[in-house]
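Residue numbers (my numbering): 65 to 271.
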């Protein structure tokens, strides 16, 4: 199935039913092109949609009130507090009952395992992956998919995709689990030559 990106609300119509709309905490992560920092401001496709929603509501909240957190922090806070809004998130079967959802807002790219091209890694099965170190973002969809496939021992989690890219370059990990188009965007933005990398395995399970 296609990966679908949603804006996630902890409680449906949270802005309507909150005691004070202006007390709602809106959170996102660095996940370009949907949400990212540019010139000190949070921008991106998902962020722009959230800002437009805020403009249509009776609230003082605006772009400047959106908090940028590591994914795992926003993910946990959203489950622990009804006054939290988190965007954007891939909808999966495991997450379905944890939250109330608004969306979809767009289709995402394939979740892939990305490696340095000249390493010439050839992966034909899940079993092949067990001998490699795979960098993930903690509690990201790709990490959950790897765990579901029995690869817990191969996972090396962080909270920052740039840390994962650095670890890949330094040989501390063998591949990165991430959205293919999204990681190419990050690479280009941060001076990496995308031609030096390749997708070596597609994590095909989708919601």
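Note that CB positions come from ideal geometry on N, CA and C, so glycine has one too.
In terms of Cβ geometry, residue 229 and residue 254 form a close pair [threshold 9 Å]. With fewer than 16 neighbouring CB atoms inside 10 Å of its own CB, residue 257 falls in the exposed class.
When the beta-carbon positions are compared, residue 181 and residue 243 stay at least 9 Å from each other. Sequence-distant partners of residue 114 (beyond 5 residues in either direction) whose C-beta falls short of 6 Å from its own C-beta, in its chain, are 151. Between the stretch 85-101 and the stretch 136-156 there are three or more C-beta pairs closer than 8 Å, enough to call the two in contact.
A direct Cα-to-Cα measurement between residue 157 and residue 248 gives close to 27 Å.
Straight through space, the alpha carbons of residue 164 and residue 142 are spaced by roughly 11 Å. Within the model, the alpha-carbon separation for residue 147 versus residue 260 is close to 43 Å. Between residue 240 and residue 225, the CB-CB gap stays under 9 Å. With a cut-off of 8 Å on Cβ pairs, the stretch 94-106 is in contact with the stretch 124-132, counting three or more such pairs.
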